[in-house]
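K.L.:
Before I ask anything, here is the structure I am working with.
Now the structure itself:
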């Protein structure tokens, strides 16, 4: 760090902390980049890297997924630890939510044990101050032996001080255990070769029976004998505590934390229960919570139907119709015309759809969804819905990934890493991929069904919910039972939404949609155009006619939508909106089409995430099952609806 | 009946070894930390408390010895729960002394006051006594399961039954531990508690493994303590701490005046 040629030496900075403590916000503040921030755990599921210059030093900043301590409880926490062990960062920045100082100090104790330079960013001090709680950061800094920077990350307050502190970072004072415990740890440390980094910490984690560390060590050391040796030694030494080693260690740490907070925290006034807290309680309440959820869904529905649909209609009329007319006369009939603005034209089906149909709907929906995310509403849904998911064999920890599926199914699939049980992981990944609409799909579904009315929306989502529960129950029966895992979930503090933050987030969400999909829209349109011209599309339609028209009761044009679905769900939705607009889909067909496309082929990114988590074979098999079920369910729905109308 | 205390150590270790199915002589010798004396062992054998198979290196409690050891272990583990968790004090030797003195009635009344705990702080099972089967005496308990609180009620955690290390670590990192103040916010569809400034949703099993002081018994200064992980979660310094109510009940407060 103190190199004479700072340009050549890159300082590696790791940002770590408990879930939902503002790590991504600090990352954004340091690097000037943008990593999605949100008021819920698991916003960041994969480490994000960025480069920046801080005080003329070249820095690599790594934003890591949240963890509670270096003792891993799940695969995702083990992965963060592996990353730290492997890359040995030059500085670690721990983000602490000032509201949760005690909980964070558990991790601080572990980080100090790493022996790496550490800085603490004490976030959300504005919130504690408002509650009349004062944290003496100087005293905290003195007791821990590391710099503590007070900050309000969401407003960028304290960023400059943090950047300064990073280059003065030192190692902290480790907590002292009872001599008996310390002696035992020393003894096990002796069994680890001197050259191994983080020996003392490794010894302690092994003694606490970390479920991942032993395998990791074996892998890293290519099965050296010392690994099993030290494992035996650890079992032998902890055996002397008659099973109470973990308890003794925790006890020392609790004492350390209590002593620290006792000296550092002062309370000036008794906090009153705020309005946001009352609201938070209501969202979890079995009765009010359901009403609030219904209200939110309806509110978003009407927002999409009344605002977004009109906006899209207006943009189409103002921006596309005149352009289309002018192009039409200018080019004249022929193949060029068809290629650009025909049924499968790259401008009409590609560009215009992406910008004029999908974009306005997504803008409105994301704006509303981001408000929900930022106030911290989403995790409360877990409390409300856990009982239902329990019936389908999910113990509760799996509910969070499922609920996150309503945001982005790909991210949600990746968060299943936090589940200990393989069985639950499989069920959760299946259910996420199956009938949960992601935020984009949800917004578009609302828009399509909004042309018919709210009862259509109720039917389609009733069917999807029923499908999800039935699928869960079947999987629950099929898969081998496993021991139940405890359900425990922290719920974030409700916060007032910040307009600037939400606009920024909506902007980045829309930008990433455009970056990822505009070209996909264009290629898909071009592909359909070619397939149509060479007769492939016509042939395919003849083959699948019995299924599409006979069983599903849909017009043949839906084949185009299903093909687009494979490329990008939004593209299919846009085509369905067109079909509805031109009167080619009646009400029943509309409902069937929406349920079908919601379930049909999870998007490519989701399939990639499934492959990553489950392996190629399982993931592809799962996709196959899902597609078959999608057709069966949508077809059945078609006949039930027709029968119901007679 | 010489060397009673010393012999009790052997019996207790044998109980522990029975729980872990490691009933071999070498293990017992290791457990005694080099203070193993063959003479004591011979005495235990002649008293009919221990079966020893010197040739096979096997050693185990006899039926009679098991009865004796069960009482010792029960007293010891209850005492641990009482001293370490409930009082929040840390006198290491306390529990070891307790087990030799106490008679059955005192042990059962401690068990009742503590709400018939099932495990010692280290997660080892406490052998149940007669009082546990007559659980109607719950009315006299100073400690009740969290699930018995009313919604909105606050109480101080007395102890947590940790079936496994994983559960212990998980809830300890969230500061749900003896001495913390916990507030029950909601019971259905999921338990929601507030502890040290964080709201936490818990499954039924986990929620019922948390035991708290009945509010009239604990000197919870509720308004000052909870509502923030930055609060004064625990008693500061000595004096009339939160175990005071219990001490008064057990008549242990005389010294304090």
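Chains as they are written, first to last, in this note's numbering: chain A, 1471 to 2116; chain B, 8 to 264.
Backbone N, C-alpha and C define an ideal beta-carbon position, used for all residues, glycine too.
(1) Whole angstroms are fine: how far does the CA of residue 2080 (chain A) sit from the CA of residue 2086 (chain A)?
(2) Name the residue from A:1858, A:1595, A:1863, A:1831 whose alpha carbon lies nearest to the alpha carbon of residue 1781 (chain A).
(3) Could you tell me whether any Cβ in chain B is nearer than 9 angstroms to the Cβ of residue 1570 (chain A)?
(4) Looking at residue 2022 (chain A): is its Cβ nearer than 9 angstroms to the Cβ of residue 2050 (chain A)?
(5) Using a cut-off of 9 angstroms between C-beta atoms, extract the partners of residue 1960 (chain A) located in chain B.
(6) Count the other CB atoms, across all protein chains shown, that sit within 10 Å of the CB of residue 1771 (chain A); report buried if there are 16 or more and exposed otherwise.
(7) With a threshold of 9 angstroms between beta carbons, is residue 1756 (chain A) in contact with chain B?
(8) Three-state secondary structure (DSSP) at residue 83 (chain B)?
(9) Does the distance from the CB of residue 1517 (chain A) to the CB of residue 1533 (chain A) come in under 9 angstroms?
(10) Do you know how far the Cα of residue 2073 (chain A) is from the Cα of residue 1613 (chain A)?
(11) Any Cβ of chain A within less than 9 angstroms of the Cβ of residue 17 (chain B)?
(12) Please report whether the beta-carbon of residue 14 (chain B) lies at a distance below 9 angstroms from any beta-carbon of chain A.
(13) Short check: CB of residue 199 (chain B) to CB of residue 209 (chain B), under 9 angstroms?
(14) For residue 1750 (chain A) versus residue 1961 (chain A), is the C-beta spacing smaller than 9 angstroms?
(15) Check whether the Cβ of residue 235 (chain B) lies closer than 9 angstroms to any Cβ atom in chain A.
(16) Output, in chain order, the set of chain A residues within a Cβ distance shorter than 8 angstroms of residue 83 (chain B).
(17) With 9 angstroms as the threshold, decide whether the Cβ of residue 110 (chain B) is near any Cβ in chain A.
(18) I need the DSSP call for residue 1970 (chain A), collapsed to helix, strand or coil.
(19) Taking CB distances under 9 angstroms as the criterion, tell me whether residue 240 (chain B) reaches chain A.
(20) Pop quiz: residue 1969 (chain A) and residue 1624 (chain A) are said to be a contact at Cβ under 8 angstroms. What is the actual Cβ separation, rounded to whole angstroms?
(21) Identify every residue that forms a DSSP beta bridge with residue 60 (chain B).
(22) Under three-state DSSP, which class holds residue 206 (chain B)?
(23) Going along the chain, which residues of its own chain have a beta-carbon closer than 6 angstroms to the beta-carbon of residue 2041 (chain A), five neighbours each way excluded?
(24) May I ask you to report which of helix, strand or coil DSSP gives residue 1617 (chain A)?
(25) Taking contact to mean 3 or more Cβ pairs, one atom from each stretch, closer than 8 angstroms, check whether the stretch 1700 to 1716 of chain A and the stretch 1672 to 1687 of chain A are in contact.
(26) Rounding to the nearest angstrom, what Cα-Cα distance links residue 1976 (chain A) and residue 1848 (chain A) in this structure?
(27) Buried or exposed, going by whether 16 or more other CB atoms sit within 10 Å of the CB of residue 1859 (chain A)?
(28) For the stretch 181 to 201 of chain B, enumerate the residues whose C-beta is nearer than 7 angstroms to any C-beta of chain A, in chain order.
(29) If you follow the beta strand (DSSP E) that residue 1959 (chain A) is part of, which residue opens it and which one closes it?
(30) Can you give me the start and stop residues for the beta strand (DSSP E) that residue 166 (chain B) sits inside?
(31) Enumerate in chain order the residues of its own chain whose CB-to-CB distance from residue 1924 (chain A) is below 7 angstroms, with the five nearest sequence positions on each side excluded.
(32) Contact defined as beta carbons within less than 8 angstroms: I believe residue 2017 (chain A) pairs with residue 1918 (chain A). What is the distance between those atoms, to the nearest angstrom?
(33) Less than 9 angstroms between the beta carbons of residue 1480 (chain A) and residue 1557 (chain A), yes or no?
(34) My output table needs one value for residue 1890 (chain A): the three-state DSSP class, helix, strand or coil.
(35) Taking beta-carbon pairs under 9 angstroms, can you tell me which members of the stretch 126 to 155 of chain B lie near chain A?
(36) Give the residues from the stretch 1649 to 1681 of chain A that approach chain B closer than 8 angstroms (Cβ to any Cβ), ordered along the chain.
P.N.:
Put simply:
(1) Here residue 2086 (chain A) corresponds to residue number 616 of the first chain, with the count starting at 1. Here residue 2080 (chain A) corresponds to residue number 610 of the first chain, with the count starting at 1. Rounded to the nearest angstrom, the two C-alpha atoms are 8 angstroms apart.
(2) The count along the first chain starts at 1 and reaches residue 1781 (chain A) at position 311. The shortest Cα separation from residue 1781 (chain A) among A:1858, A:1595, A:1863, A:1831 belongs to A:1831.
(3) Reading the first chain from its first residue, position 100 is the one you call residue 1570 (chain A). Closer than 9 angstroms to some Cβ of chain B, the Cβ of residue 1570 (chain A) qualifies, so yes.
(4) Along the first chain, one-based indexing puts residue 2022 (chain A) at 552. Along the first chain, one-based indexing puts residue 2050 (chain A) at 580. No; because the gap between Cβ atoms is not below 9 angstroms, this pair is not in contact.
(5) The residue given as residue 1960 (chain A) occupies position 490 in the first chain. Those within 9 angstroms of residue 1960 (chain A) in chain B are 181, 205, 206, 207, 208.
(6) Counting from one through the first chain, the residue named residue 1771 (chain A) turns up at place 301. A buried status is given to residue 1771 (chain A), since no fewer than 16 other beta-carbon atoms sit within 10 Å of its beta-carbon.
(7) Against the first chain, residue 1756 (chain A) aligns to sequence position 286. With 9 angstroms as the cut-off, residue 1756 (chain A) counts as an interface residue toward chain B.
(8) For this step, residue 83 (chain B) is matched to residue 76 along the second chain. If DSSP states are grouped into helix, strand and coil, residue 83 (chain B) belongs with the helices.
(9) One-based indexing of the first chain puts residue 1517 (chain A) at position 47. One-based indexing of the first chain puts residue 1533 (chain A) at position 63. A contact, by the Cβ cut-off of 9 angstroms.
(10) What you label residue 1613 (chain A) is simply residue 143 of the first chain in a count that begins at 1. What you label residue 2073 (chain A) is simply residue 603 of the first chain in a count that begins at 1. Going by the C-alpha atoms only, they are around 51 angstroms apart.
(11) To locate residue 17 (chain B), count along the second chain from 1; it is residue 10. Not one chain A Cβ lies under 9 angstroms of residue 17 (chain B).
(12) Stepping through the second chain from its first residue, residue 14 (chain B) is reached at position 7. Answer no: the Cβ-Cβ gap between residue 14 (chain B) and chain A never drops below 9 angstroms.
(13) The residue labelled residue 199 (chain B) in the question sits at position 192 within the second chain. The residue labelled residue 209 (chain B) in the question sits at position 202 within the second chain. Result yes, Cβ atoms of residue 199 (chain B) and residue 209 (chain B) sit closer than 9 angstroms.
(14) If you number the first chain from 1, residue 1750 (chain A) lands on position 280. If you number the first chain from 1, residue 1961 (chain A) lands on position 491. The criterion of a C-beta distance shorter than 9 angstroms is satisfied by residue 1750 (chain A) and residue 1961 (chain A).
(15) Along the second chain, read from residue 1 onward, the residue named residue 235 (chain B) stands at position 228. With a pLDDT of 40 at residue 235 (chain B), under the threshold of 50, the modelled position of that residue is not reliable, and the figure given next carries that caveat. Yes, its Cβ sits closer than 9 angstroms to a Cβ of chain A.
(16) For the purposes of this step, residue 83 (chain B) is identified with residue 76 of the second chain, where counting begins at 1. By Cβ distance, chain A contributes nothing, its closest Cβ being about 10 angstroms from residue 83 (chain B), past 8 angstroms.
(17) Within the second chain, the letter at position 103 stands for residue 110 (chain B). No - not a single Cβ of chain A is within 9 angstroms of the one on residue 110 (chain B).
(18) To locate residue 1970 (chain A), count along the first chain from 1; it is residue 500. The answer is helix: DSSP assigns residue 1970 (chain A) an H, G or I state.
(19) The residue you call residue 240 (chain B) lines up with position 233 of the second chain. For residue 240 (chain B), the predicted structure reports a pLDDT of 38, less than 50, and the residue's modelled location is therefore unreliable. A value from the coordinates is still provided. At least one chain A Cβ lies under 9 angstroms of residue 240 (chain B).
(20) The residue given as residue 1969 (chain A) occupies position 499 in the first chain. The residue given as residue 1624 (chain A) occupies position 154 in the first chain. Wrong, their Cβ atoms sit about 12 angstroms apart, outside the cutoff.
(21) Working through the second chain from its first residue, we reach residue 60 (chain B) at position 53. BP columns for residue 60 (chain B) point to B:65.
(22) Translated into positions along the second chain, residue 206 (chain B) becomes position 199. In the three-state reduction of the DSSP assignment, residue 206 (chain B) falls in the strand class, which pools E and B.
(23) Start at 1 with the first residue of the first chain, and residue 2041 (chain A) comes out as number 571. Closer than 6 angstroms at the Cβ level, and outside the excluded window around residue 2041 (chain A), lie 1991, 1994, 2034.
(24) Your numbering for residue 1617 (chain A) matches position 147 in the first chain. In the three-state reduction of the DSSP assignment, residue 1617 (chain A) falls in the strand class, which pools E and B.
(25) yes
(26) In the first chain, the residue the question calls residue 1976 (chain A) occupies position 506. In the first chain, the residue the question calls residue 1848 (chain A) occupies position 378. Their backbone Cα atoms lie some 17 angstroms apart in a straight line.
(27) Indexing the first chain from 1 puts residue 1859 (chain A) at position 389. Per the 10 Å Cβ criterion, buried.
(28) 181, 182, 184, 192, 193, 195, 196, 197, 199
(29) Working through the first chain from its first residue, we reach residue 1959 (chain A) at position 489. In this chain, the beta strand (DSSP E) harbouring residue 1959 (chain A) covers 1958 to 1961.
(30) As a first step, residue 166 (chain B) is located in the second chain; it is residue number 159 there, counting from the start. Counting along the chain, residue 166 (chain B) sits inside the beta strand (DSSP E) bounded by residues 161 to 167.
(31) Residue mapping note: residue 1924 (chain A) aligns to position 454 of the first chain, counting from 1. Apart from the 5 residues on each side of it in sequence, residue 1924 (chain A) sits with its Cβ closer than 7 angstroms to the Cβ of 1771 in its chain, given in chain order.
(32) For the purposes of this step, residue 2017 (chain A) is identified with residue 547 of the first chain, where counting begins at 1. For the purposes of this step, residue 1918 (chain A) is identified with residue 448 of the first chain, where counting begins at 1. That pair is no contact at about 21 angstroms.
(33) Position 10 of the first chain, counting from 1, holds the residue named residue 1480 (chain A). Position 87 of the first chain, counting from 1, holds the residue named residue 1557 (chain A). It is not a contact, given that the beta carbons lie outside the stated cut-off.
(34) Translated into positions along the first chain, residue 1890 (chain A) becomes position 420. Of the three classes helix, strand and coil, the one that applies to residue 1890 (chain A) here is coil, per DSSP.
(35) For the stretch 126 to 155 of chain B, which is checked against every Cβ of chain A, the residues closer than 9 angstroms are 127, 128, 129, 130, 131.
(36) 1678, 1679, 1681
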